[in-house]
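Visitor: One structure, pasted below without further comment.
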Amino acid sequence: LDQYGVFGNPIGHSKSPLIHRLFAEQTGQTMSYEALLAPLDGFADFARDFFARGGRGANVTVPFKEQAFALVNQLSERAERAGAVNTLCRHADGKLLGDNTDGVGLVRDLTVNAGWSLADQRILLLGAGGAVRGVLQPLLAHKPRELVIANRTLSKAETLAQHFADLGPVLASEFAWLQQPFDLIINGTSASLAGELPPLPAAVIKPGHTRCYDMMYSAEPTAFNRWASDLGAAACMDGLGMLVEQAAEAFLLWRGVRPDSAPVLAELRAQLA
Ligand code: ATR
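The numbering of the sequence shown is full-length UniProt numbering, which starts it at 5 and goes up by one.
As structure tokens, then:
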């Protein structure tokens, strides 16, 4: 049986085993996929051991994505840009490839599932941590008119903007400087986790026009999406679709088959409620 898994700490609540089990059933692939608790002080040895014992591929989640980046023999271009790896794949020669499917997962949820265009749009990205860094290259590949990174700590937004400047029109900002409406606002801060909100001026939302996306998800609308819909945002989505789509991209890389994400997303949504 081809073995896959997800490395994290904690890992108990991971939805990845369910997602990949549903993908495997749907596509008739024979494989196992397990949640694996990697030790905080021994990720590299744990991962090497998994592959030495025949593991074919793995996902990597908090807090190991940067350590996985350092572990691999080869990086995809998007993983290189992200500075983080969420998908590991062992080649026949034993070499370990590191990829990052978070950004394409987000872009696929935005463009294919929601049907929103990114080209020529004014996009605001909130936050400047790992979650935002992971999605910048795929977003810029869709040629937005402008991509503004706003963060509580301005210097981190500036560092990211510089790092990605060769890929498109990317700028850094303080929250308070934002006084114009955007076409699309993506929340990549971890503020939602604590039920908090970045201190955003209401002017960033043009009622009936601005679309919003929170990379976090929950049974109830997130704090950011509630704030945006109260201000009249045209549409709000949460990150459950991104979770399923990043998994679909990993599955495609491992098995060469693209699963249909829609029924899996519907199942996860039903389980959240
Ligand atoms: P992740 O890997 O989830 O991106 P991270 O690298 O710790 O986690 O980054 C968290 C992001 O959320 C940062 O941009 C952080 O802002 P700072 O860089 O100023 O720390 C942002 N963040 C967290 N809590 C926030 C809050 N209550 N309000 C605004 N931004 C917040």
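We put the beta carbon where it would ideally sit given N, CA and C, even for glycine.
Whose C-alpha, out of 153, 216 and 244, is nearest the C-alpha of residue 177?
Guide: A check of alpha carbon separations from residue 177 across 153, 216 and 244 identifies 153 as the nearest.
Visitor: Under the three-state reduction of DSSP, which class applies to residue 125: helix, strand or coil?
Guide: DSSP, read as helix, strand or coil, puts residue 125 in coil.
Visitor: Quick one, are the C-beta atoms of residue 264 and residue 71 less than 9 angstroms apart?
Guide: no
Visitor: Residue 261 lies in the beta strand (DSSP E); which residues open and close that run?
Guide: Residue 261 -> no beta strand (DSSP E), and no H or E assigned at all.
Visitor: Roughly how many angstroms separate the alpha carbons of residue 55 and residue 81, rounded to a whole number?
Guide: 23 angstroms
Visitor: Once DSSP output is grouped into helix, strand and coil, what is the label at residue 80?
Guide: coil
Visitor: Secondary structure at residue 7, three-state DSSP: helix, strand or coil?
Guide: strand
Visitor: Examine the Cβ distances between the region 197-207 and the region 223-235 and report whether three or more of them are shorter than 8 angstroms.
Guide: yes
Visitor: The beta strand (DSSP E) that contains residue 177, what's its start and end?
Guide: 174-177
Visitor: Is residue 182 helix, strand or coil by DSSP?
Guide: coil
Visitor: Considering only the beta carbon of each residue, do residue 245 and residue 276 sit closer than 9 angstroms?
Guide: no
Visitor: Quick check on residue 156: does DSSP put it in helix, strand or coil?
Guide: coil
Visitor: Could you tell me whether the Cβ atoms of residue 61 and residue 105 are closer together than 9 angstroms?
Guide: no
Visitor: Are the beta-carbon atoms belonging to residue 189 and residue 157 less than 9 angstroms from one another?
Guide: Their beta carbons are not under 9 angstroms apart, which means residue 189 does not touch residue 157 by this criterion.
Visitor: Jot down the residue ranges of each uninterrupted alpha helix (DSSP H) in the region 90-141, minimum 4 residues, whole runs only, in chain order.
Guide: 106-112
Visitor: Let's see if you can read the secondary structure: which residues bound the alpha helix (DSSP H) around residue 23?
Guide: 20-31
Visitor: For a quick check, are the C-beta atoms of residue 113 and residue 241 less than 9 angstroms apart?
Guide: yes
Visitor: Measure the Cβ-Cβ separation of residue 40 and residue 15 and say whether it is below 9 angstroms.
Guide: yes
Visitor: Using a Cβ-based criterion (distance less than 8 angstroms to any ligand heavy atom), does residue 85 qualify as near the ligand ATR?
Guide: no
Visitor: Would you tell me roughly how many angstroms separate the C-alpha atoms of residue 3 and residue 192, rounded to the nearest one?
Guide: Here the chain covers residues 5 to 277 and nothing more, so residue 3 does not appear.
Visitor: Please determine whether the Cβ atom of residue 134 lies at a distance below 8 angstroms from any heavy atom of the ligand ATR.
Guide: yes
Visitor: With DSSP as the reference, label residue 246 as helix, strand or coil.
Guide: helix
Visitor: For residue 238, collect the residues of the same chain with a Cβ closer than 7 angstroms to its Cβ; drop the 5 residues on either side in sequence, then sort them by chain order.
Guide: 212, 213, 214 and 215
Visitor: Going by DSSP, what residue range makes up the beta strand (DSSP E) through residue 229?
Guide: It is not in any beta strand (DSSP E) - residue 229 instead sits in the alpha helix (DSSP H) that spans 227-234.
Visitor: Going by Cα to Cα distance, which pick from 48, 102 and 175 is closest to residue 258?
Guide: 102
Visitor: Any idea if residue 155 is buried or exposed, counting beta-carbon neighbours within 10 angstroms, 16 or more meaning buried?
Guide: Residue 155 comes out buried.
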